[in-house]
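What follows is one structure encoded as structure tokens, with my remarks underneath.
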Amino acid sequence: MPTDIPVVDLVLRADPELLAIVRLSLAVSLAAVACAAALALPLGALVALTRFPGRDATIVALNTLMGLPPVVVGLAIYLLLSRSGPLGDFGLLFTPQAMVIAQAVLVAPIIAALTRQTIEDLWLEYCDELAAMHVAPVQRVRTLLWDARFSLLTALLAGFGRASAEVGAVIIVGGNIEGHTRTMTTAIALETSKGDLPLAIGLGLVLMAIVVLVNALAWGARRAGERLAG
Amino acid sequence: MMRAPGSDLPIELADARYHVRGSVILDGISLVLGEGPPTVLIGPNGSGKTTLLRMLMGLIAPTDGAVTWGGRRNAPPVRRAIVFQRPVMLRRSVSANLVYALSSAGVARAARPRRVAELLELVGLLALAARPARGLSGGEQQRLALARALARDPQVLFLDEPTASLDPAATKAIEDLIRTVAERGIKVVMSTHDLGEARRLAGEILLLHRGRIVERGPAEAFFAAPRTDEGRRFLAGELLI
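Okay, here's the thing in structure tokens:
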């Protein structure tokens, strides 16, 4: 059933190229969020729970880094990964891995900053009880991360939103190579500059639909979890 | 299981002071608390009851003076437990709150389910085991907090106004539990602003005023005939300022 709107055709035909782009976009952004979270959740909790010289500066830096310009991160990662760069030997430039690294760098400060705030608020509430229960520091961090898990999900979603919407960094380090590093956002940028606005708009709508779906799934998981654990 | 050697009792304060930014909260308190019937702290708001309980628990250190537990200065709160005036429920189920307390007290994993059941039975929350703890009523939360404190198998249990803002039925449930706990040989040290409650539970009374102990003695004697002017005025319902 062909229509006049190209992207509807692509979706209806489950166009393999479109599916590959969607799959890559999701995989890159989710992997970036996972990598960033592995680092940023403990880091945010650590900053929340410890007092050290330069802590205020660290918090300001984290909050500032939330607004890192993607093209700047892309450029920095490009320089690191390029053949003549310090990490050039790994041959990662213009690969999905390079895109994951760039997005992880963009997302980590968001997750760390939001985690810091969330954990610090919860700590104010919990500190007496945990001190009275003689809970060791590492265990405290685990307790707070676990008990704040529903709020932290929002931090992860903020990170995912940033990653999935981002084009500046992935286009620089990925190169928008068809069938290899082309994502939804880079495809939209390309189609727009080529003048194929209907396809660009269509791809944009598909991207937004996917982001809505991911957020809906996360929210559903949160509600179900809250019903069970409060 | 990690257990510090020795007993936490007696707890001894030697001329303990506590001040925060120039304002004196506790002003030279010397006190020995050993085994025995419940010790009830009374006194007007701001007299230092909560601060004294926190110091006895080891949550704050005196600015001057010393606290020792069974003669030891740095005794981690292994066999002491406290129920705060507003206990914080972990964002977990009722039974998971107890499992957490048991594991933090070093109780072996295999022994936990039985202990959870015992504790829930004791405080009458068995039917609510799977519910989110934060959804409980005030009285139920207070009972869970008590169970969580008992999970540490304490020698001494501190309670900070455990029935404040509870209705009479919930208050009775808590007071009955405190009596049970005391009968099991756990030293209870609690504060209250309710003289009726002090009468019902106290073995001895400790009257605080302006960060000092103004009177200490067996409850019966105190309520029959306080020895100090402050004691008489406090019992008569006058405002101690």
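Protein chains in written order, with my numbering: chain A, 1 to 230; chain B, 1 to 241.
Using N, Cα and C, we set each Cβ at its ideal position, and we do this for glycine too.
Rounded Cβ spacing between A/Leu49 and A/Arg140 (contact assumed at less than 8 angstroms): Counted from its first residue, the first sequence places residue 49 of chain A at position 49. Counted from its first residue, the first sequence places residue 140 of chain A at position 140. Confirmed, Cβ separation roughly 7 angstroms.
8 angstroms Cβ cutoff met for B/Ala101 and B/Arg148: Within the second sequence, residue 101 of chain B is the residue found at index 101, counting from 1. Within the second sequence, residue 148 of chain B is the residue found at index 148, counting from 1. Against a cut-off of 8 angstroms, the Cβ pair of B/Arg148 and B/Ala101 comes out as a contact.
Amino acids of chain B, ordered along the chain, whose beta-carbon sits closer than 8 angstroms to that of A/His180: Working through the first sequence from its first residue, we reach residue 180 of chain A at position 180. None at all; the shortest Cβ gap to chain B is about 44 angstroms.
Local conformation of B/Met190 per DSSP, three classes: Counting from one through the second sequence, the residue named residue 190 of chain B turns up at place 190. Strand, per DSSP.
contact_flag[the segment 8 to 21 of chain B, the segment 48 to 66 of chain B] where n(CB pairs < 8 angstroms) is 3 or more: yes
Members of the segment 122 to 133 of chain A that neighbour chain B once the beta carbon cut-off is set at 7 angstroms: Glu125, Tyr126, Asp128, Glu129, Ala131, Ala132, Met133
Secondary structure of B/Thr39, DSSP reduced to three states: By one-based count along the second sequence, residue 39 of chain B stands at place 39. DSSP places B/Thr39 in strand when its eight states are reduced to three.
Within 8 angstroms, strictly: CB atoms of B/Ile241 and B/Ala219: Position 241 of the second sequence holds residue 241 of chain B. Position 219 of the second sequence holds residue 219 of chain B. Result no, Cβ atoms of B/Ile241 and B/Ala219 do not sit closer than 8 angstroms.
Buried/exposed call for A/Phe52, threshold 16 Cβ in 10 Å: Looking up residue 52 of chain A in the first sequence gives position 52. Flag for A/Phe52 reads exposed.
Minimum C-alpha distance to A/Asn176 - residue among A/Pro137, A/Gln117, A/Leu41, A/Gly74: As a working mapping, residue 176 of chain A is identified with position 176 in the first sequence. The shortest Cα separation from A/Asn176 among A/Pro137, A/Gln117, A/Leu41, A/Gly74 belongs to A/Gly74.
Whole-angstrom C-beta distance between A/Ala98 and A/Leu92, which should lie under 8 angstroms: Here residue 92 of chain A refers to the residue found at position 92 when the first sequence is read from its first residue. Here residue 98 of chain A refers to the residue found at position 98 when the first sequence is read from its first residue. That pair is a contact at about 5 angstroms.
Residues from the segment 40 to 61 of chain B in contact with chain A, defined by Cβ distance under 7 angstroms: Met57, Leu59
Contact belief for A/Ala108 with A/Ala36 at Cβ below 8 angstroms, rounded distance in angstroms: Taking the first residue of the first sequence as 1, we reach residue 108 of chain A at position 108. Taking the first residue of the first sequence as 1, we reach residue 36 of chain A at position 36. About 4 angstroms separates the two Cβ atoms, so the contact holds.
Cutoff 8 angstroms: A/Val141 Cβ touching any chain B Cβ: Along the first sequence, read from residue 1 onward, the residue named residue 141 of chain A stands at position 141. No, A/Val141 does not count as interfacial toward chain B.
B/Phe84 and A/Asp147 closer than 8 angstroms at C-beta: Locating residue 84 of chain B in the second sequence gives position 84, counting from the first residue. Locating residue 147 of chain A in the first sequence gives position 147, counting from the first residue. No, these two residues do not count as a Cβ contact at 8 angstroms.
Three-state secondary structure (DSSP) of B/Met1: Position 1 of the second sequence, counted from the first residue, corresponds to residue 1 of chain B. Residue confidence for B/Met1 is low, a pLDDT of 40 falling below 50, so the modelled location carries little weight and cannot support an answer.
Length of the line joining the Cα atoms of A/Ser29 and A/Met133: Locating residue 29 of chain A in the first sequence gives position 29, counting from the first residue. Locating residue 133 of chain A in the first sequence gives position 133, counting from the first residue. Approximately 40 angstroms between the Cα atoms of the pair.
Nearest-angstrom Cα separation, counted from B/Leu195 out to B/Thr68: Taking the second sequence and counting its residues from 1, the one referred to as residue 68 of chain B is at position 68. Taking the second sequence and counting its residues from 1, the one referred to as residue 195 of chain B is at position 195. Taking the straight line joining both Cα atoms gives about 30 angstroms.
Proximity below 8 angstroms, CB of A/Leu240 to CB of A/Arg149: A question about residue 240 of chain A goes unanswered here, because the residues of chain A that appear run from 1 up to 230.
For B/Pro218, the first and last residue of its enclosing beta strand (DSSP E): As a position in the second sequence, residue 218 of chain B is number 218, starting the count at 1. Looking at the DSSP string, the run of the beta strand (DSSP E) that includes B/Pro218 is 212 to 218.
Buried/exposed call for B/Pro132, threshold 16 Cβ in 10 Å: Position 132 of the second sequence, counting from 1, holds the residue named residue 132 of chain B. Label assigned to B/Pro132: buried.
Residue nearest to A/Leu145 in terms of C-alpha spacing, selected from A/Ala165, A/Leu157, A/Arg162, A/Thr118: For the purposes of this step, residue 145 of chain A is identified with residue 145 of the first sequence, where counting begins at 1. Checked all of A/Ala165, A/Leu157, A/Arg162, A/Thr118; the closest Cα to A/Leu145 is A/Thr118.
Sheet register partners of B/Phe158 (DSSP bridge): Start at 1 with the first residue of the second sequence, and residue 158 of chain B comes out as number 158. Paired residue(s): B/Ile82, B/Val189.
Sequence-distant residues of its chain with Cβ nearer than 8 angstroms to A/Ile210 (five each side left out): Stepping through the first sequence from its first residue, residue 210 of chain A is reached at position 210. Around A/Ile210: Val22, Ser25, Leu26, Ser164, Met184.
Residue range of the unbroken beta strand (DSSP E) whose run includes B/Ala14: Here residue 14 of chain B corresponds to residue number 14 of the second sequence, with the count starting at 1. Per DSSP, B/Ala14 belongs to the beta strand (DSSP E) from 11 to 20.
Inter-residue spacing [alpha-carbon to alpha-carbon] between B/Val88 and B/Pro162: Position 88 of the second sequence, counting from 1, holds the residue named residue 88 of chain B. Position 162 of the second sequence, counting from 1, holds the residue named residue 162 of chain B. So the two alpha carbons sit approximately 13 angstroms from each other.
Neighbour-count burial assignment, B/Asn45, 16 or more Cβ in a 10 Å radius: Taking the first residue of the second sequence as position 1, residue 45 of chain B is located at position 45. Exposed: under 16 other Cβ atoms inside 10 Å.
Cβ shell of B/Ile11 (< 6 angstroms), same chain only, five flanking positions each side left out: Residue mapping note: residue 11 of chain B aligns to position 11 of the second sequence, counting from 1. If we look at B/Ile11 and ignore the five residues flanking it on each side, its Cβ neighbours are Leu33, Leu56, Trp69.
With 16 other Cβ atoms within 10 Å as the buried cut-off, status of B/Glu238: As a first step, residue 238 of chain B must be located in the second sequence, where it is residue number 238. The residue in question, B/Glu238, is exposed, as its Cβ has fewer than 16 Cβ neighbours within 10 Å.
Segment contact, 8 angstroms Cβ cut-off, at least three pairs: the segment 166 to 173 of chain A with the segment 128 to 145 of chain B: no
Any 3 or more C-beta pairs closer than 8 angstroms across the segment 73 to 83 of chain B and the segment 214 to 233 of chain B: no
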